[in-house]
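**Student:**
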Amino acid sequence: MFQRFITTLTLLLTTVIIPFQLKADCCCCSKLPSRFGLESAPPGMVWIPGGEFTMGSDSADSRRDEKPRHRVKVEGVWMDATPVTNRQFKEFVDATGYVTTAEKAPSLDEIMAQVPPGTPPPPPEALVPASLVFKGSSGPVPLHNHFIWWEWKPGADWRHPMGPDSSIEGKEDHPVVQVSWYDAKAYAEWAHKRLPTEAEWEFAAYGGQNDITFVWGNQSFSEEEPQANIWQGNFPYQSTKPHGYAGTTAVKTFKANPYGLYDMCGNAWQWCSDLYHVSYYQQEKDKGLSVNPTGPLTSYDPDEPYATKHVHRGGSFLCHDSYCKGYRISARMKTCPDTSLNHLGFRCVMTQEMWQQEKKNVQK
Ligand SMILES: [Cu+2]
């Protein structure tokens, strides 16, 4: 159940990574009364018209999983104009008492039932609520091992994104981070929305201009006049940004794309509903035009072949050209659904049908 422990186990035991089957723990019920009034658009959401586009990239920067480019058609959908903020997530937690994955201690039995016989148990101090926090490095490091700059930190959660001594005070309008895929999904259900599919997300990020590399166009990132909150300086040890490398910025700090979407690039990664499979795009291309794709049926990441992962998109304040260039529109990233990190959040979508239903509920 606790995929996030793959990381811990990898760190602590340097052991074999094993598959965990994950169950969604849903806290919500879709038959709640409408949370909306009679507005003509769902509050805080913008209409993404839908259409046909070319998904993926075969540019020199693109990775294996972005290829091949293939044709996709998506239906129009309402999308949150910004990532879900700390303020919004708090409303959800206050209303439901929801406890996020990072706030729950994993059980030793659950872990041991899922590791190969003979695997030594993790030390008891690892079996506490904890999450992954970026710690950087003190100097240049090889960029192929991300365990160097991430730390499993007890007490890190959405209210304490960098660990127990940190807080979100003054960050009410920052994207919520340290939320697992399950947490994001639970929020979406409570809000009568859902997570976007990867195709919906990418279509929306283009803002109607399918031939661009970055949300702002084709010009490279400018350190002098930054177009988004990504890493500036030398990754992962030296940030030249005035606010240091510690984090997120308030949503809407940078310009919206033509659809009115903010933070589709940098700041915090955003969970999508799809599972991750490295050859998914090839499967999609083989099918011909793909209509409203919802992702592969199984997950496969060659980096961690036994892990089940979901996709997230958009890049974060940690993205840099020297490492991932993950802030390109077509860039894909993947994480286990019960893992949370201090650079990973989400936004939601709502179909026209869901919105019509909300309005009917109000009229009743
Ligand atoms: Cu990145």
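Using the working numbering, you'd call the opening residue of the sequence shown number -16 and step up by one each time. Just so it is clear, CB atoms sit at the ideal spot from N, CA and C, and this is done for glycine as well. This one's a predicted model, so the numbers in the text were calculated from it and none came from an experiment.
1. Just list the alpha helix (DSSP H) runs in the region 84 to 116, keeping only unbroken ones of 4 residues or longer that don't cross its boundaries, in chain order.
2. Taking 7 angstroms as the cut-off, is the C-beta of Gly309 nearer than that to any heavy atom in ligand 1?
3. In this structure, does DSSP put Ile131 in helix, strand or coil?
4. My output table needs one value for Asn69: the three-state DSSP class, helix, strand or coil.
5. Does the beta-carbon of Asp269 have 16 or more other beta-carbons within 10 angstroms, so that it is buried, or is it exposed?
6. Locate the beta strand (DSSP E) running through Val55, then write down its first and last residues.
7. At 3 residues or longer, and completely inside the region 268 to 306: list those beta strand (DSSP E) runs for me, N to C.
8. At the level of alpha carbons, what is the spacing between Met28 and Asp41?
9. In three-state DSSP terms, what is Lys342?
10. For Ser222, I'd like the list of residues in its chain whose CB is within less than 7 angstroms of its CB, leaving aside the five on either flank, ordered along the chain.
11. Do Cys302 and ligand 1 come close, with the Cβ less than 7 angstroms from some heavy atom?
12. Excluding the five sequence neighbours on either side, which residues of its own chain have a C-beta within less than 7 angstroms of the C-beta of Ala7, listed in chain order?
13. In the structure shown, what three-state DSSP assignment does Val60 receive?
14. Use the C-beta contact count for Val76: other C-beta atoms within 10 angstroms, 16 or more gives buried, fewer gives exposed.
15. State the DSSP-derived secondary structure class of Phe186, mapped to helix, strand or coil.
16. Taking just the CA atoms, how far does Leu258 sit from Gly278?
**Tutor:** The relevant details are as follows:
1. Qualifying alpha helix (DSSP H) stretches, in chain order: 91 to 95.
2. The beta carbon of Gly309 sits closer than 7 angstroms to at least one heavy atom of ligand 1.
3. In the structure shown, Ile131 sits in a helix (DSSP, three-state: H, G or I).
4. Under the three-state reduction of DSSP output, Asn69 falls in the helix class.
5. So Asp269 counts as exposed.
6. From DSSP, the beta strand (DSSP E) with Val55 extends over His53 to Val57.
7. For the region 268 to 306, the continuous beta strand (DSSP E) assignments of 3+ residues that do not extend past its boundaries occur at 293 to 296, in sequence order.
8. Near 31 angstroms, if we compare the C-alpha coordinates of Asp41 and Met28.
9. Note: Lys342 maps to helix in three-state DSSP.
10. Excluding sequence neighbours, Ser222 sits near Trp214, Gln215, Gly216 and Tyr228.
11. For Cys302, the shortest separation between its Cβ and any heavy atom of ligand 1 lies below 7 angstroms.
12. Confidence at Ala7 is low in this model, with a pLDDT of 32, below 50, so its placement is unreliable and no value can be given for it.
13. In the structure shown, Val60 sits in a strand (DSSP, three-state: E or B).
14. The residue is buried, with at least 16 neighbouring Cβ atoms inside 10 Å.
15. Looking at Phe186 - three-state DSSP - the assignment turns out to be helix.
16. One C-alpha to the other measures close to 6 angstroms.
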